[in-house]
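Undergrad: Residue numbers (UniProt numbering): 1 to 320.
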Ligand SMILES: N[C@@H](CCC(=O)N[C@@H](CS)C(=O)NCC(=O)O)C(=O)O
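(1) From residue 286 to residue 292, what does the alpha carbon distance come to, in whole angstroms?
(2) Start and end of the beta strand (DSSP E) containing residue 120?
(3) If I measure Cβ to Cβ from residue 128 and keep anything under 6 Å in the same chain, skipping five residues before and after, which residues do I get?
(4) Going by CA-CA distance only, name the one from 260, 213, 190, 274 that's closest to residue 248.
(5) Do residue 253 and residue 186 have their C-beta atoms within less than 9 Å of each other?
(6) Let me check one thing: in DSSP terms, what residues is residue 142 bridge-paired to?
(7) Given this structure, state the Cα-to-Cα distance separating residue 182 from residue 212, to the nearest angstrom.
(8) Excluding the 5 residues flanking residue 14 on each side, which residues of the same chain have their C-beta closer than 6 Å to its C-beta?
(9) Which of helix, strand or coil does DSSP assign to residue 292?
(10) Would you mind listing the beta strand (DSSP E) stretches within the stretch 219 to 296 that are 3+ residues and don't spill past its ends, in chain order?
(11) If you follow the alpha helix (DSSP H) that residue 113 is in, where does it begin and where does it stop?
(12) If contacts are defined as beta-carbon pairs under 8 Å, then residue 175 and residue 102 qualify, I think. What distance do you get, rounded to the angstrom?
(13) Taking the straight line between their C-alpha atoms, what separation do you get for residue 250 and residue 90?
(14) Residue 317 bridges to which residues according to DSSP?
(15) Taking 8 Å as the cut-off, is the beta-carbon of residue 324 closer than that to any non-hydrogen atom of ligand 1?
(16) Between the Cα of residue 320 and those of 282, 122, 106, 97, spot the shortest distance and give me the residue it belongs to.
(17) Assuming residue 142 and residue 132 form a contact by the criterion Cβ under 8 Å, report the distance between their Cβ atoms to the nearest whole angstrom.
(18) Determine the contact status of residue 300 and residue 246, defining contact as a CB-CB distance below 9 Å.
(19) Using beta-carbon positions only, say whether residue 119 and residue 260 come within less than 9 Å of one another.
(20) What residue range is occupied by the uninterrupted alpha helix (DSSP H) comprising residue 305?
(21) So, helix, strand or coil for residue 169, using DSSP?
(22) Can you list, in chain order, the residues of its chain with a C-beta nearer than 7 Å to that of residue 145? Leave out the 5 residues immediately preceding and following it.
(23) Label residue 100 either buried or exposed according to how many other C-beta atoms from any shown protein chain fall within 10 Å of its C-beta, with 16 as the threshold for buried.
(24) Taking 8 Å as the cut-off, does the CB of residue 145 come closer than this to any heavy atom belonging to ligand 1?
(25) On the three-state DSSP scale, how would you describe residue 137?
(26) Examine ligand 2 and report whether any of its heavy atoms sits within less than 8 Å of the Cβ of residue 126.
(27) For residue 276, is the classification buried or exposed, using 16 other Cβ atoms within 10 angstroms of its Cβ as the cut-off for buried?
(28) DSSP three-state call for residue 199: helix, strand or coil?
(29) Would you call residue 97 buried or exposed, if buried means 16 or more other Cβ atoms sit within 10 Å of its Cβ?
(30) Would residue 152 and residue 138 qualify as a contact pair, given that the criterion is a beta-carbon distance under 9 Å?
Spelled out as structure tokens, the structure:
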């Protein structure tokens, strides 16, 4: 009897934990669904290019060889900056508290990787959250930089960017707009897609539980019960965000982003800006799930994604 009660408690907590990786509002929806699943449903031109004020268009049939040459020159110069991007960021100890599959954490990771900021990662157990017991702020990501706490992905990125580029002009309207689009639209399109069918929900929870901080038992329980619960929750999320066809909305978002590039290699011109890093960051964990494969197969986003992958490069994570 005692054992079965304990088992049920573990099950519920594990399911909730699995869902926590998808965000606080979904966490609340999952808890509601668990309570009542039925009810819820050195030329000036080149210097302008390099400063990001102008951009070389992606060579295409209409732009031809000259466009390709200009793009290649600009990209080569930009590439020379490789390795020194985060040079002004002087910190001895950077620690990211995260859930592996959390889109907000992945935004911060894409930034750290792109700027080659060496960092340790502490995977938070979403049930006990014991790794962040010391913090009043109870969400992830949390970034500790030499003992100073930073909360909230966008605020973290703004603060790090300010340290790296102290003299830079504030971000432009376009960059701000698309960063907002990631937080207010793109992240909401992801969950209905990665939990769209029972098998996709299982695939996602397999990823979450193998990359997350779960004990052996928690992993087993969370994988199956989490997948089942999030499958139900995703139907509620669809309704909440007025989504009828999950894939259509995902493809539309990918196409919207490619249109936003306006033929440039990146939204930032010849180099990725914070909007590029945000879109890439939230898409990276889903890229090799069925939804990410479908997105690349059915839209034009693949070229930009691959370019971003090369620009961001290897993980700057240091193993402890
Ligand atoms: N606005 C925050 C949102 C962070 C957030 O909602 N994180 C989720 C994980 S994806 C979380 O920690 N939820 C609370 C929980 O797990 O209890 C940000 O951008 O960092």
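Cβ atoms here follow ideal geometry from the backbone N, Cα and C, with glycine treated the same way. These figures come from a predicted structure and were not determined experimentally.
TA: Taking the geometry as given:
(1) Start at 1 with the first residue of the chain shown, and residue 286 comes out as number 286. Start at 1 with the first residue of the chain shown, and residue 292 comes out as number 292. Each residue's Cα considered, the two are about 5 Å apart.
(2) Walking along the chain shown from the start, residue 120 turns up at place 120. Counting along the chain, the beta strand (DSSP E) containing residue 120 begins and ends at 120 to 123.
(3) Translated into positions along the chain shown, residue 128 becomes position 128. Same-chain partners within the cutoff: there are none.
(4) As a position in the chain shown, residue 248 is number 248, starting the count at 1. The residue with the shortest Cα to Cα distance from residue 248 is 190.
(5) Numbered from its first residue, the chain shown carries residue 253 at position 253. Numbered from its first residue, the chain shown carries residue 186 at position 186. Taking 9 Å as the Cβ cut-off, residue 253 and residue 186 qualify as a contacting pair.
(6) For the purposes of this step, residue 142 is taken as the residue at position 142 of the chain shown. Per DSSP, 97, 151.
(7) For this step, residue 182 is matched to residue 182 along the chain shown. For this step, residue 212 is matched to residue 212 along the chain shown. Residue 182 and residue 212: Cα-Cα distance of roughly 23 Å.
(8) Reading the chain shown from its first residue, position 14 is the one you call residue 14. With a pLDDT of only 38 at residue 14, under 50, the local geometry of the prediction cannot be trusted, and the value read off the model is given with reservation. Closer than 6 Å at the Cβ level, and outside the excluded window around residue 14, lie 218, 221, 222.
(9) Along the chain shown, read from residue 1 onward, the residue named residue 292 stands at position 292. Helix, per DSSP.
(10) none
(11) Walking along the chain shown from the start, residue 113 turns up at place 113. 103 to 114 is the extent of the alpha helix (DSSP H) around residue 113.
(12) Here residue 175 refers to the residue found at position 175 when the chain shown is read from its first residue. Here residue 102 refers to the residue found at position 102 when the chain shown is read from its first residue. Not a contact, Cβ separation roughly 23 Å.
(13) Translated into the one-based positions of the chain shown, residue 250 becomes position 250. Translated into the one-based positions of the chain shown, residue 90 becomes position 90. Approximately 38 Å, taken between the alpha carbons.
(14) Taking the chain shown and counting its residues from 1, one reaches residue 317 at position 317. Per DSSP, 119.
(15) What is shown of the chain runs 1 to 320, which leaves residue 324 out entirely.
(16) The residue you call residue 320 lines up with position 320 of the chain shown. Cα-wise, what sits closest to residue 320 is 122.
(17) As a working note, residue 142 is residue 142 in the chain shown. As a working note, residue 132 is residue 132 in the chain shown. Rounded, the Cβ-Cβ distance is 6 Å, consistent with contact.
(18) Counting from one through the chain shown, the residue named residue 300 turns up at place 300. Counting from one through the chain shown, the residue named residue 246 turns up at place 246. It is not a contact, given that the beta carbons lie outside the stated cut-off.
(19) Taking the chain shown and counting its residues from 1, the one referred to as residue 119 is at position 119. Taking the chain shown and counting its residues from 1, the one referred to as residue 260 is at position 260. No, the Cβ-Cβ distance between residue 119 and residue 260 is not below 9 Å.
(20) The count along the chain shown starts at 1 and reaches residue 305 at position 305. It spans 301 to 312 - the alpha helix (DSSP H) in which residue 305 sits, taken as one unbroken run.
(21) Start at 1 with the first residue of the chain shown, and residue 169 comes out as number 169. Correct three-state label for residue 169: coil.
(22) Here residue 145 refers to the residue found at position 145 of the chain shown. 91, 94, listed in sequence order.
(23) The count along the chain shown starts at 1 and reaches residue 100 at position 100. So residue 100 ends up on the buried side.
(24) Within the chain shown, the letter at position 145 stands for residue 145. No, the beta carbon of residue 145 sits no closer than 8 Å to any heavy atom of ligand 1.
(25) By one-based count along the chain shown, residue 137 stands at place 137. In this structure, residue 137 counts as coil in the three-state DSSP scheme.
(26) In terms of ligand content, the structure shown lacks ligand 2 and carries ligand 1 instead.
(27) Start at 1 with the first residue of the chain shown, and residue 276 comes out as number 276. Its Cβ being crowded by 16 or more others within 10 Å, residue 276 is buried.
(28) Start at 1 with the first residue of the chain shown, and residue 199 comes out as number 199. In the structure shown, residue 199 sits in a helix (DSSP, three-state: H, G or I).
(29) Counted from its first residue, the chain shown places residue 97 at position 97. It is buried - the Cβ of residue 97 has at least 16 other Cβ atoms within 10 Å.
(30) Numbered from 1 along the chain shown, position 152 holds the residue referred to as residue 152. Numbered from 1 along the chain shown, position 138 holds the residue referred to as residue 138. It is not a contact, given that the beta carbons lie outside the stated cut-off.
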